[in-house]
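Notes follow once the structure below has been shown.
Protein chains: 2
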Amino acid sequence: MNVRNVYDIEPKDAGMAGVRIRVAIGRDEGAPNFVMRYFDVAPGRSTADHAHAWEHEVYVARGRGAVVTRDGATPIRSGDTVYVAPNEQHHFENRGEEPLEFICVVPHTD
Amino acid sequence: MNVRNVYDIEPKDAGMAGVRIRVAIGRDEGAPNFVMRYFDVAPGRSTADHAHAWEHEVYVARGRGAVVTRDGATPIRSGDTVYVAPNEQHHFENRGEEPLEFICVVPHTD
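Residue numbers (our numbering), protein chains in the order written: chain A, 183 to 292; chain B, 183 to 292.
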């Protein structure tokens, strides 16, 4: 068993301007099936628009913004859960004035 | 893609006094690998002490309490992530005065 506050985890540059990622629970903690990551997106910034073969399960911890797919933009805010299906093109935008922070769980892909 | 606020999901009795569960993302949403559930535990209450073959990946959204294993009690609070390994005996206790609310992600077990 392992407890860590997300803010005690060193953030990594996610390769996207204004976006940082913390790997909260993954292979280093012994997790056999999936990875819990914590993203923060600065105001006015967004994650890269992309698609991949695995799903996202997201919980918005702080802030507000939108998840954007080929079907358009859907508002998101603290307390929302977001399911992104495999192969669905998507990105997350911060449309607020504070950081947009969310948990994003994915299967191991390596 | 599907967005739902956790408080818009109907809570279910979890079979434990003072504990409710909302299934935020699961098979009904098409999720192929794992399930995101949202628990709330009333002040002074706790989840059942148990162990199972799958892991828990937890993010504490609100409140404070403890996760208790055979090694003792570890405090938890909003913003903490908790990894519980497969087969590790554990339960969650609300030791605060507001609800203890947390995301708990598990693999499909059916």
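Note that the Cβ used here is the ideal one computed from N, Cα and C, for glycine as well.
Query                                                                                                                                                                      : Result
Does any residue of chain A bring its CB to less than 9 Å from the CB of A196(B)?                                                                                          : no
In the DSSP assignment, the beta strand (DSSP E) including T263(A) goes from what residue to what residue?                                                                 : 262-266
Please classify D222(A) as buried or exposed, where buried requires at least 16 other C-beta atoms within 10 Å of its C-beta.                                              : buried
V242(B) bridges to which residues according to DSSP?                                                                                                                       : F284(B)
Is the Cβ-Cβ distance between T251(B) and E270(B) less than 9 Å?                                                                                                           : yes
Could you name the residues of chain B that R186(A) contacts, counting a contact when the two beta carbons are closer than 9 Å?                                            : D262, T263, V264, Y265
Using a cut-off of 9 Å between C-beta atoms, extract the partners of A213(B) located in chain E.                                                                           : Among the protein chains of the structure shown, namely A and B, there is no chain E.
Take the Cβ of H272(B) as the centre, count every other Cβ of all protein chains shown within 10 Å, and call the residue buried at 16 or more, exposed below.              : buried
Please report the distance separating the alpha-carbon of Y189(B) from that of R204(B).                                                                                    : 9 Å
Can you list, in chain order, the residues of its chain with a C-beta nearer than 7 Å to that of R227(B)? Leave out the 5 residues immediately preceding and following it. : A199, G200, V201, N276
Name the chain B residues that come within less than 9 Å of H272(A), Cβ to Cβ?                                                                                             : M183
Looking at chain A, is there any beta carbon in it that lies within less than 9 Å of the beta carbon of I258(B)?                                                           : yes
If you measure beta-carbon to beta-carbon, which residues of the stretch 221-237 of chain A are closer than 9 Å to chain B?                                                : W236, E237
Would a C-beta distance cut-off of 9 Å place I258(B) and A248(B) closer than the cut-off?                                                                                  : yes
Can you tell me where the beta strand (DSSP E) with A230(A) in it begins and where it stops?                                                                               : Where A230(A) is concerned, there is no enclosing beta strand (DSSP E), given that its DSSP letter is neither H nor E.
Just to confirm, is the Cβ distance from F216(A) to E211(B) under 9 Å?                                                                                                     : no
Using a Cβ-Cβ distance cut-off of 9 Å, determine whether I207(B) contacts chain A.                                                                                         : yes
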